[in-house]
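Numbering-wise, my numbering comes out as the position in the sequence shown, counting from 1, plus 79. Cβ coordinates follow ideal geometry from the N, Cα and C atoms, glycine included. Quantities reported herein were computed from a predicted structural model and do not represent experimental measurements.
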Amino acid sequence: MSPSWGCEHRMCSRRKVRGHLDLMKLRTRFALIIVFGILGVLGVGFWVVQNDQEQALTDVAHRRASAVLAVATASRRMVKESLRPAISDELGRFTPEAMSSTFVTRATFERLSAELADYVYRQPTLNPLNPTNKADAFEAALIERFRRDPDLDVINGTREVEGRRLYYVARPEVVEERCLDCHGNPENAPPGLVERYGTESGFGWKPGEIAGLTLVTVPIDDLLGHQATLGAHVLLVFLVATVGLFLLMLFSFDRIVNRRIEKASEVMAAVEAHPDLCVRVPEIGSDELTDMARAFNRMADSVRDSTINLETRVRDRTRELEEARDEARRAERAKDEFLANMSHELRTPLTAILGYAEELEIRRDELSASCAESVRVISDNGKHLMHLINDILDLSKILAGRMEIESEDWSPFEIIEDVQSLLEVKARQKRVELEVVVEGMLPEQMKGDAARVKQILINLVGNALKFTEEGRVTLSARFERDGPSGRLLFDVADTGIGMSEEQAARLFERFRQADMSTTRRFGGTGLGLDISRRLAELMGGRLSLVHSEVGKGSTFRLELPMEDLEDLRLIRQAPKRSERDTGLAHTDGGLACRVLVAEDNPVNQRIVLRILERFGADVDVVGDGSQAVDAALEAERDGAPFSVVLMDMHMPVMDGVAAIKELRARGYERPIVVLTAAILPHEQERCREAGCDAFAAKPVDRHALFEILFELTTIPVA
């Protein structure tokens, strides 16, 4: 185990302890503080009482020993000063029982021990006359201490003998001149002393020498018992008093502090959950908690007022936002209605204008040169106006976030061929070469919105042709792998007027071209590139200006991502589409079917009738939705049903959507194509929900209409 692990473990333990302490309630913390404080006081008090009791015991034992020592000293003095001289004169010889102070005192205490057990008096020495006075090991040690420290005049303490606790007091016995009468030279000793104890021990003492000591021992077991009993009583009383004090303090804290804090906490929690409540903390007394309650109540009143004001402001702002939202929705609906009506009102006459212009262009060999030129001008300006309408509608859908990008299989080769075929005529008219280059192999199929890709490329190639007076416009395509994904790149390069860096910087801005002179010279709205860029981004791709130089031309690039390459199949050239696939090779006489046209505008009726008859269709025309329902159902009952119904959206009596719903509700299952000038997303959604099968936009594009009808009918091309 590493030291760092140990440190981390200890730090973690400390953090856990701190966490537990943080979770404790105030009452628990206060109780713990009191408990620890009481334990500390108890410890100190017990130590003080114990020391005092020990000192008192020592004092009592010392007094006992001092009393015994005083009695012994008095006894010895009496023997030395009174008894021994009197008896010595009478007896004329030394008798220890009457003349030895040590002997008499010891004997007295030996007799006293029967009454006072363990009260002992001794005068031990290292060189005694009487063997009874021979110092034991303990006594010899005391004598040695006195000898080592001549200034020491008393030694006291406790000792244990055979399980009994004793207190002793020892004083040194210093040899005096008169002591030499008995303990000096044996030859000078009293005759009775030598006869009794002999000369082997007890002689040779010297003046000033510590020969022995006076030792008094008294029992203290009774004192220790009293001390223990007293200590237990004191401790018990102290504990009872402490517990009582603890409970009193806890009760007082609970009454004075804790309950008020808990009440305040409940009120605070309630106010926090519902700031508008009128509940407040009770203001009891005039202490600090009352000040806190008063301050909180003031704050709660302020918060309540602020909350009410805030809620009022929020309601006002919400109402204003809802009104603004409703206004925005109304404006959006008004804008949609305006765009739909504008589209309808503009496309309806354009249908006639472009329809008749196309009819005249078909018969241009029958017209004079000036008339043919006039027809061309009418057709070009009509198409320009139609493109402008389409651009405005596309931009409005993009800005509103309602532009839908389809996900369908499409062929890059078919898109390139369509763009080339649509713009070849314009290129030939300007005597500009339109070149298509496919670099390497391209995917056979891709997922995406083919119509939007074609729209972008037509815009790029159309712009290139518009700004190129001579030279060429090149549409090139190539595929690049990038790990698990890839990208399809379309480059449109021209040899036209080009742009400066300043002009290129604002190229993709709405309603912008290179400059005003460009607009005056070449026309256009400046919407095409902005719409194309936004469409590319909606498809996950990117449209950018690769290079441009004034007088030398420009190069634009459309980049489309391809994420899943698992089923990718690259081919070098797609097979040429048959006339049946394109539906564009022969439109005249190509449809042998019966078509019902519901259109309220007489001019448009004639235009659509002419176009369909050129397709080879058998056409019936009605003027409103109600007539269309009756005609379609009647033909079905007669066994000569219509192959397709072309239904205009806006008609009197019954509009196109209502007519479609009525037909579907009555079990009509044949194809219905909505012929409309309103192509906004919500309008298309209404038609789909009603049950239409396809859309044909006004002005009518004969090739697009032929493709739709050809796809919906099962009659082969004639």
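Identify every residue that forms a DSSP beta bridge with G291. As a first step, residue 291 must be located in the sequence shown, where it is residue number 212. In the DSSP output, where bridge partners are listed per residue, G291 has T204 and E252.
How big is the Cα-Cα spacing for R238 and Y246? Counting from 1 along the sequence shown, the entry for residue 238 is found at position 159. Counting from 1 along the sequence shown, the entry for residue 246 is found at position 167. Rounded to the nearest angstrom, the two C-alpha atoms are 6 Å apart.
What's the gap between the Cα of F774 and the Cα of E580? Reading the sequence shown from its first residue, position 695 is the one you call residue 774. Reading the sequence shown from its first residue, position 501 is the one you call residue 580. Using only the alpha carbons, I get a separation of about 43 Å.
Give every residue of the same chain whose Cβ lies closer than 7 Å to the Cβ of M328, excluding the five residues on either side of it in the sequence, and list them in chain order. Counting from one through the sequence shown, the residue named residue 328 turns up at place 249. Cβ neighbours of M328 beyond the five flanking positions: I113.
How is Y247 classed by DSSP in three states: helix, strand or coil? Along the sequence shown, read from residue 1 onward, the residue named residue 247 stands at position 168. Y247 falls in the strand class under three-state DSSP.
Could you please give the first and the last residue of the uninterrupted beta strand (DSSP E) stretch that includes R237? Position 158 of the sequence shown holds residue 237. The residue asked about is misnamed: residue 237 is Thr in this sequence, not Arg. Unbroken beta strand (DSSP E) run through T237: I234 to V240.
Kindly examine the ligand ADP and report whether one of its heavy atoms sits closer than 8 Å to the Cβ of L472. The ligand content of the structure shown is nil, which means the ligand ADP is not present either.
Can you find the residues in the same chain that come closer than 6 Å, C-beta to C-beta, to P203, ignoring five residues on each side of it along the sequence? For the purposes of this step, residue 203 is taken as residue 124 along the sequence shown, with counting starting at 1. N212, A214, E218 and G291, listed in sequence order.
Give me the residue from L639, Q524, M728 and E616 with the minimum Cα distance to A769. The sequence position of residue 769 within the sequence shown is 690, counting from 1. Among L639, Q524, M728 and E616, the Cα nearest to that of A769 is on M728.
Identity of the residue in V779, L400 and V698 nearest Q432 by Cα: Mapped onto the sequence shown, residue 432 falls at position 353. What sits at residue 432 in the sequence shown is Ile, not Gln. Of the listed residues, the one whose Cα sits closest to I432 is V779.
Give the secondary structure of M730 by DSSP, where H, G and I count as helix, E and B as strand, and everything else as coil. Here residue 730 refers to the residue found at position 651 when the sequence shown is read from its first residue. Correct three-state label for M730: coil.
For the pair the stretch 563-575 and the stretch 628-637, tell me if three or more CB-CB distances fall below 8 Å. yes
R636 in three-state terms, based on DSSP: Taking the first residue of the sequence shown as position 1, residue 636 is located at position 557. Strand, per DSSP.
Out of A530, M520 and E496, which one is the CA nearest neighbour of E514? Position 435 of the sequence shown, counting from 1, holds the residue named residue 514. Nearest C-alpha to E514: E496.
To which residues does DSSP link R566 through a beta bridge? Taking the sequence shown and counting its residues from 1, the one referred to as residue 566 is at position 487. The partner list for R566 (beta bridge, DSSP) reads E559 and P640.
For the structure I just gave you, are there three or more beta carbon pairs, one from the stretch 700-708 and one from the stretch 730-748, closer than 8 Å? yes
At a cut of 8 Å, does the stretch 711-725 reach the stretch 462-470 through at least three beta carbon pairs? no
Since R557 contacts L568 with CB under 8 Å, what's their CB separation in whole angstroms? Sequence index remark: in the sequence shown, residue 557 carries index 478 (1-based). Sequence index remark: in the sequence shown, residue 568 carries index 489 (1-based). The Cβ separation is near 5 Å, so the contact holds.
Close beta carbons around T792, own chain, < 6 Å, minus the five adjacent residues each side: As a first step, residue 792 must be located in the sequence shown, where it is residue number 713. Closer than 6 Å at Cβ, skipping near neighbours: C672 and S722.
Please report the distance separating the alpha-carbon of T137 from that of D301. In the sequence shown, residue 137 corresponds to position 58, counting from 1. In the sequence shown, residue 301 corresponds to position 222, counting from 1. Rounded to the nearest angstrom, the two C-alpha atoms are 13 Å apart.
Just how far apart, CA to CA, sit A216 and G283? Against the sequence shown, residue 216 aligns to sequence position 137. Against the sequence shown, residue 283 aligns to sequence position 204. The alpha-carbon atoms of A216 and G283 are separated by roughly 22 Å.
State buried or exposed for G323, treating a residue as buried only when at least 16 other CB atoms are found within 10 Å of its CB. Residue 323 sits at position 244 when you count from the first residue of the sequence shown. Answer is exposed; the Cβ neighbour count stays below 16.
By DSSP, does M578 sit in helix, in strand, or in coil? Translated into the one-based positions of the sequence shown, residue 578 becomes position 499. Three-state DSSP puts M578 in coil, outside helix and strand.
When the distance is taken between beta carbons, is R636 closer than 9 Å to L624? Indexing the sequence shown from 1 puts residue 624 at position 545. Indexing the sequence shown from 1 puts residue 636 at position 557. Their beta carbons are under 9 Å apart, which means L624 touches R636 by this criterion.
State the Cα-Cα distance for the pair D384 and E390, rounded to the nearest angstrom. Counting from 1 along the sequence shown, the entry for residue 384 is found at position 305. Counting from 1 along the sequence shown, the entry for residue 390 is found at position 311. Straight-line Cα distance between these residues: approximately 10 Å.
Alpha-carbon to alpha-carbon, A320 and S365: Numbered from 1 along the sequence shown, position 286 holds the residue referred to as residue 365. Numbered from 1 along the sequence shown, position 241 holds the residue referred to as residue 320. About 31 Å.
Since L474 and L606 are thought to touch, with beta carbons under 8 Å apart, how far apart are those beta carbons, to the nearest angstrom? On the sequence shown, position 395 is the one that residue 474 refers to. On the sequence shown, position 527 is the one that residue 606 refers to. Right, the Cβ-Cβ distance comes to about 6 Å (below 8 Å), so this counts as a contact.
Local Cβ density within 10 Å of N264, reported as buried at 16 or more and exposed below that: For the purposes of this step, residue 264 is taken as residue 185 along the sequence shown, with counting starting at 1. N264 is exposed by the Cβ-count criterion.
Looking at the unbroken alpha helix (DSSP H) that takes in D609, where does it start and where does it end? For the purposes of this step, residue 609 is taken as the residue at position 530 of the sequence shown. Where D609 is concerned, the enclosing alpha helix (DSSP H) stretches over G607 to L617.
What would DSSP say about D333, mapped onto helix, strand or coil? In the sequence shown, counting from the first residue as 1, residue 333 sits at position 254. Helix, per DSSP.
Using the C-alpha atoms, what's the distance from A583 back to G602? Within the sequence shown, the letter at position 523 stands for residue 602. Within the sequence shown, the letter at position 504 stands for residue 583. Below a pLDDT of 50, predicted positions are generally treated as unreliable, and G602, at 48, falls in that range; no measurement from the model is reported.
Can you list, in chain order, the residues of its chain whose CB lies under 6 Å from that of R143, leaving out five sequence neighbours each side? To locate residue 143, count along the sequence shown from 1; it is residue 64. Excluding positions up to five away in sequence, the list reads V297.
If you count every other CB in all the chains shown that lies within 10 Å of the CB of M641, and 16 or more means buried, which is it? Against the sequence shown, residue 641 aligns to sequence position 562. That one is buried.
Pairwise C-alpha distance: R510 and E548: As a first step, residue 548 must be located in the sequence shown, where it is residue number 469. As a first step, residue 510 must be located in the sequence shown, where it is residue number 431. Going by the C-alpha atoms only, they are around 8 Å apart.
Quick one, which of V233, P229 and F182 has its alpha-carbon nearest L208's? Locating residue 208 in the sequence shown gives position 129, counting from the first residue. For L208, the nearest C-alpha among the options comes from F182.
Going by beta carbon distance, what residues of the same chain come within less than 6 Å of L639, once the five residues before and after it are set aside? Your numbering for residue 639 matches position 560 in the sequence shown. For L639, where only same-chain residues beyond five positions count, the Cβ hits under 6 Å are L567 and G620.
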